[in-house]
Amino acid sequence: MAYRLKKLSEYVRGWMGYFGISDYYRPIPELDHWLRRRIRMCDWKQWRGVRNRIRQLLALGSSKRAAIWTGMSSKSDWHLSRSLGTQTGMTNDWLKGQGLISIRDQWMKAHGYA
C-alpha cells in the first residue's frame, strides 16, 4: 500500500502541475472525495476475512458496533468504503498519515489560498 500511495502522490502532483493552472474549482472536491473512497476500498480489500476486518477497524478507533456491522456485511467493497465503520476508522487524517495527498490541498496551494 505504501508503494501505491507513493506512486499516486507522484501522479497527483504531476496532474496538478498540468491541470492546476485552471481556475475551475468545481470538480476538485468531488475528485478528492472519490480518491479517498477508492483508497479506503483498497485497504478494505487487503484486510481479508471478517475477523481481521473487525480487528483492524477496532484498532483504528471505530465503535465496536459499527466495526462488527461493517465487517460482517455482505455488501460490495465500494459500498462499504463509504460506511460508518470505515469512515470513522479510516479518517482523512489517517489517510494523510499513510501518505495520501489531497487534490484539494494541492489546488489551493497552486492558487495561493493556503
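Under this note's numbering, read the sequence shown as residues 1361 to 1474, first letter to last. A virtual CB, placed ideally from N, CA and C, is assigned to each residue, including glycine.
Given residue 1368 as reference, the closest of 1462, 1423 and 1468 once Cα atoms are compared | 1462
Please report how far the alpha carbon of residue 1308 lies from the alpha carbon of residue 1387, in whole angstroms.
-> Here the chain covers residues 1361 to 1474 and nothing more, so residue 1308 does not appear.
Considering only residues of the same chain and omitting the five flanking positions on each side of residue 1400, which have a CB-CB separation below 7 Å?
-> Contacts found: 1441, 1446 and 1450.
Who are the near neighbours of residue 1372 in its chain, counting only those whose CB is closer than 7 Å to its CB and skipping five residues on each side?
-> 1461, 1463 and 1466
As assigned by DSSP and simplified to three states, the class of residue 1403 | helix
What number of angstroms, rounded off, separates the C-alpha of residue 1470 from the C-alpha of residue 1422?
-> So the two alpha carbons sit approximately 35 Å from each other.
Can the beta-carbon of residue 1455 be found less than 9 Å from the beta-carbon of residue 1396?
-> yes
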